[in-house]
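Residue numbers (the numbering used here), protein chains in the order written: chain S, 106 to 408; chain H, 63 to 316.
We put the beta carbon where it would ideally sit given N, CA and C, even for glycine.
Notes to accompany the following structure.
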Ligand SMILES: Cc1cc2nc3c(=O)[nH]c(=O)nc-3n(C[C@H](O)[C@H](O)[C@H](O)COP(=O)(O)OP(=O)(O)OC[C@H]3O[C@@H](n4cnc5c(N)ncnc54)[C@H](O)[C@@H]3O)c2cc1C
Ligand SMILES: Cc1cc2nc3c(=O)[nH]c(=O)nc-3n(C[C@H](O)[C@H](O)[C@H](O)COP(=O)(O)O)c2cc1C
Ligand code: FES
């Protein structure tokens, strides 16, 4: 049997499949289907300092091989997360990543400080949410913003720190390097690509926020390319996500340079997707005599 | 026993019942024993990223089947309509809360419009002869499930927009004289608002079934938001798939 364990910034995941933030809530709903310990980890729904109601409906649209969302960071706030979600999550035998977003740098710093004294395994800085007016993406699209948030958070926590990068930039490697230089232990990419759908009968955008974030298989090639570019530039581990739906996609993303993977939209098509992908990956490794996932990471042979 | 699960379920019969409405009976031994009227299924559509939410129209606990009646609205439902008897559907079910069914001796009123009618059948059967069903359709050709409601013992009144069948006009005119103890409704928003106003005026309990665009279908993605109000009259964002699709009309903020 292949060894599926991966290590990201000192955190050991039992397998490389991590639920992507915002697609898995705080785990309870999917736990009705299978024990969430089947996943290496859970990146929880993005939380903010104070509760947020999120955007009005509609928040969802479909697109060829993908979807758009503009949930707008609806969440119960960091204190509620710590009191009501974290205790349950910590009993589930999987690694827990807190995904945090803020409307100003101080929000991030305060949350990092608050989470530092909890049992979470890792913090994921969401400086890439495109769906709220002030929800981080403004910090994620300039090296100055990335540096300011990352370094400030670093000062407030000793938890392993992962910075989640936005693909809505000209050169994502600059953002990754800024995160690395300012204390990030890992980067995860990609968040959603800003997109739009319009109803031709009503002439209204399908999503109430007008624009939304595109995810799903449609963004997979973009994600693979960005993971490859970033993995070539930084020394810290890269967690790859964006459109992974099959075990073949998982292998491809690992080859591009990912140390671990996150899976989001594929859960909506098939809630069992992470389990099937883990099985497929394990079989692939056995067949090819690969003993550990890290042997695949970055194994691409570029032309 | 899981609250809901994903299973491949064999279609026992697939019929077209109007120009654009299809009627499937599907063998669901895992879902039929636990399903409740008003709940829904999230059905995988080959080639599509998102599943399609379709209400459970009828539950046959003896034969372990669920019935789905759906209309072609776009590409996804068109692909579903091409499924034939003997093929399997990939179904995530049963989802949502379902209708709150009371003592079956109570007088219940059911109000439905168009494709909002199928979700009411299972609950109407519970009340049988004590159910009055008022339903509206575009025209005679669009009328569905009339015999099914009659066979369940319900009295049924039908309205059509063009007068080609039953009452000529709005379904909301059909129940003005009714004195039910509970109302159930599903259909277009203006109809639901009229039903809610009727319930409010007469102080009658009323449950309405809502629709919203969905991704996960189980309450994890927060995609299917609906503005609700709590007992303190404060507004908050709930979710149709988990808190609904059936709501006490007083909770919904329009
Ligand atoms: C709880 C619930 C129960 C439902 N029950 C039934 C039923 O019993 N019979 C029936 O015919 N229809 C029902 N619907 C509506 C049905 O889900 C939509 O008509 C269907 O999703 C349209 O898919 P499409 O691919 O044909 O249309 P498209 O417009 O191509 O779909 C594009 C996207 O928008 C979504 N979408 C479009 N219209 C709706 C809608 N009205 N509600 C929710 N999502 C929508 C689709 O799911 C898809 O993700 C129900 C909806 C909900 C939320
Ligand atoms: C409904 C939905 C909600 C999301 N919410 C968040 C969030 O709160 N925080 C975050 O960092 N990313 C969020 N994302 C982005 C995903 O975590 C992920 O980066 C993106 O969807 C690409 O991966 P995928 O194609 O596997 O879904 C959300 C995505 C979706 C579809
Ligand atoms: S569809 Fe995901 S929360 Fe309702």
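Non-local C-beta neighbours of residue 201 of chain S in its own chain, meaning closer than 8 Å and more than five positions away in sequence, comprise 146, 147, 149, 191, 194, 195, 224, 225, 226, 227, ordered along the chain.
Contact note: residue 154 of chain H reaches chain S through 376, using a C-beta cutoff of 7 Å and chain order.
Neighbourhood of residue 97 of chain H in chain S, by CB distance below 9 Å: empty, with the nearest CB roughly 15 Å away. In the assembly as shown, residue 172 of chain S is a buried residue. Its beta-carbon has 16 or more other beta-carbons within 10 Å. If you look at residue 194 of chain S, you'll find it isn't in any beta strand (DSSP E); it sits in the alpha helix (DSSP H) that goes 191-195. Burial check for residue 195 of chain H: the Cβ neighbour count within 10 Å reaches 16 or more, so the residue is buried. For the beta strand (DSSP E) assignment, the uninterrupted runs of no fewer than 3 residues enclosed by the region 158-212 of chain H are, from N- to C-terminal side, 170-175, 193-199. Under the 8 Å criterion on CB atoms, residue 174 of chain S is classed as interfacial with respect to chain H. Taking each of H:83, H:241, H:207, H:277 in turn and checking the Cα distance to residue 141 of chain H, the smallest one comes out for H:83.
Taking CB atoms only, residue 318 of chain S has no neighbour in chain H less than 8 Å away. In this structure residue 246 of chain H is not in contact with residue 290 of chain H, their Cβ atoms being roughly 18 Å apart against a cut-off of 8 Å. Its chain contains 123, 126 as the residues whose beta carbon lies nearer than 8 Å to that of residue 95 of chain H, once the 5 sequence neighbours on both sides are disregarded; these appear in chain order. For chain H, the residues of the region 146-170 of chain S that bring a beta carbon within less than 9 Å of one of its beta carbons are 150, 158, 159, 160, 161, 162, 163, 164, 165, 166, 167, 168, 169, 170, in chain order. For residue 309 of chain H, the uninterrupted beta strand (DSSP E) segment begins and ends at 308-310. Considering only beta carbons, the part of the region 97-111 of chain H lying closer than 8 Å to chain S consists of 106, 110, 111, in chain order. Under the three-state reduction of DSSP output, residue 324 of chain S falls in the helix class.
Neighbours of residue 284 of chain H in chain S, taken as residues whose beta carbon is under 8 Å from its own, are 127, 130, 150, 159, 164, 176, 179 in chain order. Contact annotation: the region 134-153 of chain H touches the region 67-79 of chain H, with at least three C-beta pairs closer than 8 Å. Close to residue 67 of chain H, with beta-carbon spacing below 7 Å, are these residues of chain S in chain order: 138. A buried status is given to residue 347 of chain S, since no fewer than 16 other beta-carbon atoms sit within 10 Å of its beta-carbon. Close partners of residue 298 of chain H in chain S (Cβ separation under 7 Å): 158. Taking all protein chains shown into account, residue 189 of chain S has fewer than 16 neighbouring C-beta atoms within 10 Å of its C-beta and is therefore exposed.
Boundaries around residue 354 of chain S are those of the alpha helix (DSSP H), 352-361, since no beta strand (DSSP E) includes it.
Taking a C-beta distance under 8 Å as the contact criterion, residue 332 of chain S and residue 358 of chain S qualify as a contact pair. The region 247-273 of chain S is shown to contain whole alpha helix (DSSP H) runs of 4 or more residues at 248-261, in chain order.
Ranked by how close their Cα comes to the Cα of residue 102 of chain H, the residues H:64, H:213, H:256, H:115 have H:115 in first place.
One finds 165, 373 in chain S with Cβ atoms closer than 9 Å to the Cβ of residue 276 of chain H, taken in chain order. Counting C-beta pairs with one atom in each stretch, the region 193-210 of chain H and the region 218-232 of chain H have three or more that are closer than 8 Å, which means they touch.
If you check the CB distance, residue 264 of chain S and residue 233 of chain S do not come in under 8 Å. Scanning its chain for C-beta atoms nearer than 8 Å, with the 5 sequence neighbours on each side dropped, one finds around residue 164 of chain S the residues 174, 175, 176, 177, 312, 313, 314, 317, in chain order. Nearest to residue 293 of chain H by C-alpha distance, out of H:173, H:118, H:262, H:310, is H:310.
Around the Cβ of residue 201 of chain H, a 10 Å sphere holds fewer than 16 other Cβ atoms; the residue is exposed.
Using a CB distance below 8 Å, no part of the region 287-305 of chain S faces chain H.
Residues of chain H with a Cβ closer than 8 Å to the Cβ of residue 134 of chain S are, in chain order, 278, 280, 281, 282, 304.
With a threshold of 16 other beta carbon atoms within 10 Å, residue 131 of chain H meets it and is buried. For residue 164 of chain S, the Cβ stays outside the 7 Å cut-off from all heavy atoms of ligand 1.
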